[in-house]
């Protein structure tokens with residue numbers, strides 16, 4: 087009985103650490119453009135928001151999502167939702183890249199206007215929604231794991 091309690095305690099600690107690290111990693115690409123825009127606004131008086139930064143930091147989102155998924159596997163909570171959100175974010179990012187390349191927006195041979203721009207920005211917007219949902223899922227997983235008495239079996 088005591089060995090089970092030790093294993094459960096270690097698993098709980100591992101799941102908590104993974105959940106916090108994963109949530110922070112997923113949140114960095116969302117918070118960085120806002121923080122940098124605020125700093126630039128205070129220093130220069132002009133507002134510049136790099137809305138493409140979460141895409142540029144996709145590797146950080148992917149790493150955080152994998153860590154969140156590992157936490158959900160260890161804790162045995164919210165596995166399918168975390169996995170689907172991670173898969174959705176990855177697929178939507180790849181789709182937006184493929185669309186940018188095939189429409190010619192990535193190379194600059196097509197002007198950034200009309201339906202090519204709308205379709206690429208639409209897919210990128212869906213990617214951002216998936217990243218925000220993954221971050222919210224990470225916060226929810228952390229709340230569940232840090233509840234008064236998490237039940238891990």
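Numbering (our numbering), first residue to last: 87 to 239. C-beta atoms are modelled at their ideal positions from N, C-alpha and C, and glycine is treated no differently.
- Query: In terms of residues, what are the limits of the alpha helix (DSSP H) holding residue 140?
  - Reply: Position 54 of the chain shown, counted from the first residue, corresponds to residue 140. For residue 140, the enclosing alpha helix (DSSP H) covers residues 139-142.
- Task: Kindly give me the distance between the Cβ atoms of residue 115 and residue 217, rounded to whole angstroms, as I take these residues to be in contact under 8 Å.
- Result: For this step, residue 115 is matched to residue 29 along the chain shown. For this step, residue 217 is matched to residue 131 along the chain shown. Correct: roughly 7 Å between the Cβ atoms.
- Item | The alpha helix (DSSP H) enclosing residue 179, as first and last residue numbers | Counting from 1 along the chain shown, the entry for residue 179 is found at position 93. For residue 179, the enclosing alpha helix (DSSP H) covers residues 165-189.
- Just mark residue 138 as buried or exposed, buried being the case when its beta carbon has 16 or more other beta carbons within 10 Å. Your numbering for residue 138 matches position 52 in the chain shown. Classification for residue 138: exposed.
- Please name the residue, chosen from 188, 135, 199 and 174, that lies closest to residue 118 on a Cα-to-Cα basis. Mapped onto the chain shown, residue 118 falls at position 32. Among 188, 135, 199 and 174, the Cα nearest to that of residue 118 belongs to 135.
- By Cβ distance below 7 Å, which residues in the same chain neighbour residue 214 in space, the five residues on each side in sequence not counted? Taking the first residue of the chain shown as 1, we reach residue 214 at position 128. For residue 214, where only same-chain residues beyond five positions count, the Cβ hits under 7 Å are 140.
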